[in-house]
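2 protein chains.
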Amino acid sequence: MSPRSTRRASLQLARFVPFRLNRLAVAVSQHLSAIYRGRFQLDIPEWRVMATVGQDPRCTAQHIAASTRMHKTRVSRAIAHLLKRGLIERVSRAADRREMQLRLSSSGRRMYAQLVPLALLRERALLACMSARELRGFITGLARLEGFLGVAGPAAARASASHAESLP
Amino acid sequence: MSPRSTRRASLQLARFVPFRLNRLAVAVSQHLSAIYRGRFQLDIPEWRVMATVGQDPRCTAQHIAASTRMHKTRVSRAIAHLLKRGLIERVSRAADRREMQLRLSSSGRRMYAQLVPLALLRERALLACMSARELRGFITGLARLEGFLGVAGPAAARASASHAESLP
DNA sequence: CACAAACGGTTGCGCACGCAACTGTCTGGA
DNA sequence: TCCAGACAGTTGCGTGCGCAACCGTTTGTG
Chain Z
35 MSPRSTRRAS
45 LQLARFVPFR
55 LNRLAVAVSQ
65 HLSAIYRGRF
75 QLDIPEWRVM
85 ATVGQDPRCT
95 AQHIAASTRM
105 HKTRVSRAIA
115 HLLKRGLIER
125 VSRAADRREM
135 QLRLSSSGRR
145 MYAQLVPLAL
155 LRERALLACM
165 SARELRGFIT
175 GLARLEGFLG
185 VAGPAAARAS
195 ASHAESLP
Chain P
35 MSPRSTRRAS
45 LQLARFVPFR
55 LNRLAVAVSQ
65 HLSAIYRGRF
75 QLDIPEWRVM
85 ATVGQDPRCT
95 AQHIAASTRM
105 HKTRVSRAIA
115 HLLKRGLIER
125 VSRAADRREM
135 QLRLSSSGRR
145 MYAQLVPLAL
155 LRERALLACM
165 SARELRGFIT
175 GLARLEGFLG
185 VAGPAAARAS
195 ASHAESLP
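And the structure:
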């Protein structure tokens with residue numbers, strides 16, 4: 035064993051990246067979910083469904099589960115809530131009657147139109163604690179880890195790089 | 035409204051940093067908790083308690099809750115499990131009988147000694163998907179966000195900068 | 001054509017979580 | 001001195017979650 039590897043044989047949780055990542059994600063979630071819950075009575079799964087359906091108008095539960103990496107039961111329950119509130123609508127496809135096509139209702143579209151600018155504003159406010167250069171570095175690392183763990187499709191990986199350019 | 039701000043008035047969840055952070059944290063947690071659960075039958079709160087008690091031998095539940103930012107009931111239940119399994123011990127302090135001082139038992143120390151190298155190994159394996167330069171950038175951004183959201187004490191902030199140097 | 005396997009989506013169940021309320025202990029000011 | 005409030009830690013309760021099992025539909029293979 036080299037002196038170098040023994041030097042850091044101890045563990046400090048405050049420096050342990052997986053822990054820090056989890057703690058940070060919880061804090062960011064809480065920071066944002068104040069909007070969803072307080073103003074629109076959406077929890078996080080519901081917000082994700084709204085966001086996904088809003089950007090893809092011929093969306094299925096399956097597709098939402100895959101792109102958000104939420105468990106399909108979580109998606110199913112979020113959809114059930116949104117249906118009950120009349121924020122989304124569902125039609126079964128003639129081609130395959132197992133699938134249900136989802137889209138925003140008119141009231142859902144109204145909420146979506148209010149929700150999206152607020153969410154983007156919060157994201158910008160959050161990331162404004164970094165310089166543009168730091169942000170690029172951070173996003174790059176994020177994308178590397180996503181790629182390593184296989185949590186983002188190739189489309190998302192391509193998108194993420196260009197995204198940094200349009201942020202402060 | 036400027037053309038620039040209207041250009042990105044739409045939201046793509048796959049590019050939305052808070053969502054990506056959460057998704058990544060979940061993936062990293064699952065990646066790591068395979069060790070804790072499979073090999074040592076620890077869940078994440080229990081692992082965090084072990085890690086905290088192991089690095090600070092005169093630790094209280096209160097201190098664990100503050101430094102990990104876990105809810106005190108979560109900490110309390112994790113401690114109860116570890117006590118039942120004989121991995122930690124507890125003595126009430128004469129100075130203040132509300133507080134209970136925690137420390138690893140001998141079997142807890144044995145587990146800790148096996149656990150820490152594995153955890154550090156996994157961290158290194160995870161972060162090896164980045165170059166040293168990318169890693170520094172990523173850790174810097176992490177620290178900025180932690181500072182902005184107030185999730186890390188000043189000690190942790192100081193530590194995090196120097197940490198990057200000792201990683202690949 | 002038939003039937004088994006795969007698939008989209010839902011549901012029953014057990015479990016961990018956070019909130020609020022609680023117990024027991026300490027502290028500070030009237 | 002006393003008592004109201006703060007604090008460490010625990011517990012009852014409602015809720016959301018993931019797993020596994022399930023239903024109805026489609027697909028593929030003999």
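Line by line, the protein sequences give chains Z and P.
Those letters in the first sequence? Residues 35 to 202, per our numbering, in order.
Those letters in the second sequence? Residues 35 to 202, per our numbering, in order.
Positions of the beta carbon are idealized from the N, C-alpha and C atoms, including for glycine.
Residues of chain P with a CB under 7 Å from the CB of residue i: which are they?
i: leucine 148/Z; result: Reading off the sequence shown, one finds glutamine at residue 148/Z, where the question assumed leucine. The premise fails here: glutamine 148/Z is roughly 12 Å from chain P at the closest Cβ pair, so nothing lies under 7 Å.
i: glycine 120/Z; result: Within 7 Å Cβ-Cβ: nothing; glycine 120/Z doesn't reach chain P, min ~22 Å.
If you draw a straight line from the alpha carbon of residue i to that of residue j, how long is it in whole angstroms?
i: leucine 176/P; j: aspartate 130/P; result: 37 Å
i: proline 151/Z; j: serine 63/Z; result: 17 Å
i: arginine 127/P; j: arginine 73/P; result: 33 Å
i: arginine 108/P; j: valine 125/Z; result: 42 Å
i: leucine 66/P; j: serine 140/Z; result: 43 Å
i: alanine 193/Z; j: arginine 49/P; result: At alanine 193/Z, the pLDDT of 48 sits below 50, so the modelled position is not reliable; the number obtained from the coordinates is stated separately. Their backbone Cα atoms lie some 7 Å apart in a straight line.
i: arginine 71/Z; j: threonine 94/Z; result: 24 Å
i: leucine 47/P; j: histidine 97/Z; result: 13 Å
i: glutamine 75/Z; j: lysine 106/Z; result: 21 Å
i: glutamate 80/Z; j: arginine 137/P; result: 42 Å
i: arginine 16/Z; j: alanine 147/P; result: Nothing about residue 16/Z can be read from this structure; chain Z reaches only from 35 to 202.
i: arginine 156/P; j: threonine 174/P; result: 21 Å
i: isoleucine 113/Z; j: glutamine 135/Z; result: 11 Å
i: leucine 201/Z; j: cysteine 163/Z; result: Confidence in leucine 201/Z is poor, its pLDDT being 48 and thus under 50, which makes the residue's placement unreliable; the coordinate value appears in the next sentence. The straight-line gap from Cα to Cα measures roughly 12 Å.
i: alanine 68/P; j: aspartate 90/P; result: 25 Å
i: leucine 45/P; j: methionine 84/Z; result: 11 Å
i: lysine 118/P; j: alanine 99/Z; result: 38 Å
i: glutamate 123/Z; j: arginine 144/Z; result: 14 Å
i: glycine 181/Z; j: alanine 61/Z; result: 23 Å
Taking C-alpha atoms, which residue in the options lies nearest to residue i?
i: leucine 169/Z; options: Leu116/P, Val51/P and Thr102/P; result: Val51/P
i: leucine 179/P; options: Met145/Z, Ser165/Z, Glu180/Z and Val185/Z; result: Ser165/Z
i: isoleucine 78/Z; options: Gly184/Z, Gln96/Z, Leu183/Z and Leu116/Z; result: Leu116/Z
i: valine 87/P; options: Glu157/P, Gly142/P, Arg156/P and Arg158/P; result: Gly142/P
i: methionine 104/Z; options: Leu154/P, Leu58/P and Arg92/P; result: Leu58/P
i: glutamate 133/P; options: Cys163/P, Met145/P and Arg92/P; result: Arg92/P
i: alanine 159/P; options: Leu183/Z, Ile113/Z, Arg156/Z and Ala99/Z; result: Leu183/Z
Please classify residue i as buried or exposed, where buried requires at least 16 neighbouring CB atoms within 10 angstroms.
i: glycine 120/P; result: exposed
i: serine 101/P; result: buried
i: glycine 171/Z; result: buried
i: arginine 54/Z; result: buried
i: arginine 82/P; result: buried
i: leucine 161/P; result: buried
i: alanine 153/Z; result: buried
i: alanine 190/P; result: Only weak support is given to the placement of alanine 190/P: the predicted model assigns it a pLDDT of 49, under 50, and the question is left unresolved by the model.
Output, in chain order, the set of chain Z residues within a Cβ distance shorter than 8 Å of residue i.
i: cysteine 163/P; result: Arg178, Leu179, Gly181 and Phe182
i: valine 109/P; result: Neighbours of valine 109/P on chain Z: none; closest Cβ ~13 Å, over 8 Å.
i: threonine 94/P; result: Ordered by position in chain Z, no residue passes the 8 Å Cβ test against threonine 94/P, which lies about 16 Å from the chain.
i: leucine 169/P; result: Gly175
i: alanine 112/P; result: Here the premise fails: no neighbours, minimum Cβ distance about 14 Å.
In the DSSP assignment, find the unbroken alpha helix (DSSP H) run with residue i in it and report its ends.
i: leucine 145/Z; result: The sequence given here places methionine at residue 145/Z; leucine does not occur at that position. Unbroken alpha helix (DSSP H) run through methionine 145/Z: 140–161.
i: valine 51/P; result: 51–74
i: valine 185/Z; result: Unbroken run through valine 185/Z: none, as it is neither H nor E.
i: methionine 84/Z; result: 78–89
i: glutamine 96/P; result: 95–102
i: alanine 129/P; result: Where alanine 129/P is concerned, there is no enclosing alpha helix (DSSP H), given that its DSSP letter is neither H nor E.
List, in order along the chain, the chain Z residues whose C-beta lies closer than 9 Å to that of residue i?
i: proline 52/P; result: Ala59, Val62, Ser63, His65, Leu66, Ala153, Arg156, Glu157 and Leu160
If you follow the beta strand (DSSP E) that residue i is part of, which residue opens it and which one closes it?
i: arginine 10/Z; result: An answer regarding residue 10/Z cannot be provided, because it is not within the stretch 35 to 202 covered by chain Z.
Applying a beta-carbon distance threshold of less than 8 Å, which residues of chain P neighbour residue i?
i: phenylalanine 74/Z; result: Ordered by position in chain P, no residue passes the 8 Å Cβ test against phenylalanine 74/Z, which lies about 14 Å from the chain.
Along chain P, in chain order, which residues have C-beta atoms closer than 9 Å to that of residue i?
i: alanine 85/Z; result: Leu45, Gln46, Leu47, Phe50 and Phe53
Which residues in chain Z have a C-beta closer than 7 Å to the C-beta of residue i? List them in chain order.
i: arginine 143/P; result: Under the 7 Å cutoff, chain Z gives no residues; its nearest Cβ is about 13 Å from arginine 143/P.
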